[in-house]
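Using the UniProt record's numbering, the first residue of the sequence shown is number 1, and each one after it goes up by one.
The C-beta atom is built at its ideal place from N, Cα and C for all residues, glycine as well.
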Amino acid sequence: MAKIQLLVPDIGDFDSVDVIEVLINDGDQIQLDDSVLTLESDKATMEVPATYAGKVSNLQVKVGDKVAKGSYICDLEVSDAAVAAPNDASTEQQTPTVAEIAAAPAAVEQAPTKLHEQTHASNVGLPIARSVSNTPKPVNHQSSGAVFHATPTVRAFARVLGVELTQVSGSGSKGRILKTDIEAFVKSVMQAGGAQATSGTVGSGIPVLPTIDFTQFGEVEEVELSRIKKISGKHLSTAWLNIPHVTQFDECDITSLEEFRKDMKAQAEKAGVKLTPLVFIMKAVVAGLKSFPNFNASLSPDGQKLLRKGYFNIGIAVDTPNGLVVPVVRDVDQKSIFELSRELMELSAKARDGKLSPKDLSGGCFSISSLGGIGGTQFTPIVNAPEVAIMGVSKAKIQPVWDGSSFQPRLIMPFSVSYDHRVIDGAEGVRFTQFIGQHLADIRQLLL
Ligand code: CAO
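Structure, rendered in structure tokens:
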């Protein structure tokens, strides 16, 4: 038996690489090619394979150490025959370093790695470099520069299933990829359609977000999302991913609208309704939809036709303790202001009590999300697919407006309209918001 010193091989330009795993212990009997260490640079995770079979002793490295080429890992008791094996100089010339392999993951399965070891002779200044052709261990790399961790077992498991680790979010400590993450990834790909497995993507082709263990930074409370949030979250993500959104910001002077609303307040109360600016906004929107029919439409499933609707049902986003819902007020064009107010009160009460029926939630043409009763200056609502546009209303406030000779205090309401740019162009978008603004500034126009 002979004793050799196992050293860190050529790992490219890195002169100080973290040891993230030590895969051997003193006394272990290891085989040629067994992984002994996992190293991690800021660009890649690399495994250092054993270049001899033998018994480990005098282990020098622990997790957290930094190593470079030539760092002493451990002693190996190997057979005399193994030490006497001749060098293969040609292999040394042709084979890439571990780091080179890390930079070219596609070549990993074919390329042998060059590993240098030194016998005890190196301790007295006579290094004997040996090159050994090994089947390299997998090296994982993300071109984005992001780092991920996975144990050799997990990497082997991923390799067997053909899973690219760059596509998998790790749920372990420091984002480490676990076997269960690979299983969950495979499951999600299978559920989303097998074709995506070959393209190495999930969902709509976007890379998945990394999973972070926040407990490493402090205390974390886990709260289950409400059923509504889970459903609306999926719908919002789908809309956000499928629709090329543009948001047009605008504002309008609702001073006279507000005067009228206040004048009508007592009458409204008598009729048992609460009159807010929202019902006037709904009426102005319907006038806009009639003048700009592309806003009252949906795209055909093949995306080749616009399906313009001859009815005017408006979805109203309602904030409930369990999350956002969008009940639909039907035939807004055919209802009076008080009728709309009553329906809005009933629908929002039903929404907050969790009593909306599927019918209440279907058939919308265009949605309005009003945060005007709360605050904010502007926001970008997400189009409620398959609709093609949505209006976001923010809080009106008194502002000085120049009338040509002096500043006048006017009630200015900011609002926005997000639309599907496949259907609506920017010029049409701003014409629509101006139309709505003008009709809210002078609500007499709604009578025409
Ligand atoms: N500017 C200034 N004040 C406004 C306003 C605006 N744009 N819009 C409403 N107000 C006022 C109302 O007039 C009312 O005041 P008064 O009692 O003095 O008349 C007060 O704000 C409260 O109004 P409201 O919010 O109760 O009523 P509404 O008709 O405006 O809205 C509803 C009804 C159901 C839309 C609303 O309660 C709601 O849920 N809004 C949140 C919607 C939401 O979450 N959207 C975000 C979706 S994206 O996550």
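Two segments are said to touch when three or more pairs of C-beta atoms, one from each, lie closer than 8 Å; by this definition the region 249-266 touches the region 432-439.
Following the DSSP letters along the chain, one finds Met391 inside the beta strand (DSSP E) bounded by residues Ala389 to Val393. Beta bridge pairing from DSSP links Phe415 with Asp250 and Val393. Across the set Ser300, Lys283, Ser405 and Ser362, the C-alpha of Lys283 shows the shortest separation from the C-alpha of His439. With contacts defined by Cβ atoms closer than 8 Å, Phe415 and Val393 form a contacting pair. Contact annotation: Thr211 and Ser169 have beta-carbon atoms nearer than 8 Å. In this structure, the ligand CAO has no non-hydrogen atom nearer than 7 Å to the beta-carbon of Met282. In the three-state DSSP reduction, His421 falls in the coil class, being neither helix nor strand. At a Cβ-Cβ threshold of 8 Å, Leu324 and Ala317 count as neighbours. Boundaries of the alpha helix (DSSP H) harbouring Val430: Gly426 to Ala441, taken from the DSSP string.
Judged by their CB atoms, Val36 and Val19 are not nearer to each other than the 8 Å cut-off. Tyr52 and Val78 have their C-alpha atoms some 7 Å from each other. Distance between Pro386 and Asp33, taken at the CA atoms: about 56 Å.
Around the Cβ of Lys397, a 10 Å sphere holds fewer than 16 other Cβ atoms; the residue is exposed. Proximity of the region 416-430 to the region 264-277 falls short of the contact definition, fewer than three beta-carbon pairs being nearer than 8 Å. Using a cutoff of 7 Å, the CB of Ile398 does not count as near the ligand CAO, since none of the ligand's heavy atoms is closer than that. Within the region 245-318, the complete beta strand (DSSP E) runs of at least 3 residues fall at 245-253, 297-299, 306-308 and 314-316.
DSSP, reduced to helix, strand and coil, places Arg330 outside both helices and strands of the structure shown, so it counts as coil.
Contact annotation, Met413 with Gly372: C-beta distance approximately 7 Å; criterion of less than 8 Å satisfied. Across the structure, Asn322 and Ser357 are spaced so that their CA atoms are roughly 16 Å apart.
Counting only beta-carbon distances shorter than 7 Å to the non-hydrogen atoms of the ligand CAO, the qualifying residues in chain order are Lys274, Thr276, Pro277, Leu278, Ile316, Ala317, Val318, Asp319, Leu324, Leu344, Ser348, Ser369, Ser370, Leu371, Gly372, Gly373, Ile374, Pro381, Val393, Ser394, Lys395, Ala396 and Met413.
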